[in-house]
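The sequence shown maps to residues 10 to 166 in our numbering.
Below is one structure; the comments refer to it alone.
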Amino acid sequence: NKDDPYSSDKYAKSGKDIWSYSIYLKQNLPVQYRGISWRNFAYGFEGPATFYDLFDMAGDGFSSYDKGGAADYGATYRDRRTGCVTPSLRLEAWYQGHLEQRLLKWCRSRIDSMRDKAKAKSFASRLGDLVKRATAPRANFDKLALELLRISDEIAK
């Protein structure tokens, strides 16, 4: 928003490594965590896309309402059955988005260094369209990720 001095454009153009920190309700779906990194890329935020809460868990990791009515919704849990750390669906979705953002950055870097400017423009347009669709409500990240893989494969050739 150009009227807001603290808009994302101002931060994105600051030249600094901007991090984001999202706080969602327990009811938010894992797919929303996957979209954090896509939105960061779309808005020019180069830093990590973090979220609340990585370690807020007490009691049974497979029963998120076992704290006397208080809901815990951490991203990792200690599996009492195996003694191992178990990622939540939110963490797995966030990690998918994180890897996809890294691939988006790789594609952008390769496009920027292409000597064939017409080819670079075509790839940049396709990547831009992909990222725009990722910021839409109810974006299908599985479909977008497959398209990103196709684009990155073509760029690598």
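Just so you know, even glycine gets a beta-carbon here, dropped at the ideal spot from N, CA and C.
Pull up the distance between the alpha-carbon of residue i and that of residue j, whole angstroms please.
i	j	result
E156	V140	11 Å
K128	E163	11 Å
K25	R90	44 Å
L98	L158	22 Å
S134	A165	17 Å
I160	R124	17 Å
F54	Y104	17 Å
L38	P57	20 Å
K35	D121	40 Å
Using the Cβ count rule (16 or more neighbours within 10 Å means buried), how would you classify residue i?
i	result
G78	In this prediction, G78 scores a pLDDT of 49, lower than 50, which makes its location untrustworthy; the coordinate-derived value is nonetheless stated afterwards. Burial call: exposed.
G92	exposed
L153	buried
L136	buried
Taking only three categories from DSSP, how would you classify residue i?
i	result
I120	helix
P39	helix
R142	helix
A58	strand
S161	helix
I27	coil
Assuming residue i and residue j form a contact by the criterion Cβ under 8 Å, report the distance between their Cβ atoms to the nearest whole angstrom.
i	j	result
Y52	A102	With 8 Å as the limit, Y52 and A102 do not qualify as a contact, their Cβ atoms being about 19 Å apart.
T144	W47	7 Å
Would you mind stating whether residue i and residue j have Cβ atoms separated by less than 8 Å?
i	j	result
G83	D62	yes
Y30	Q41	no
F60	L113	no
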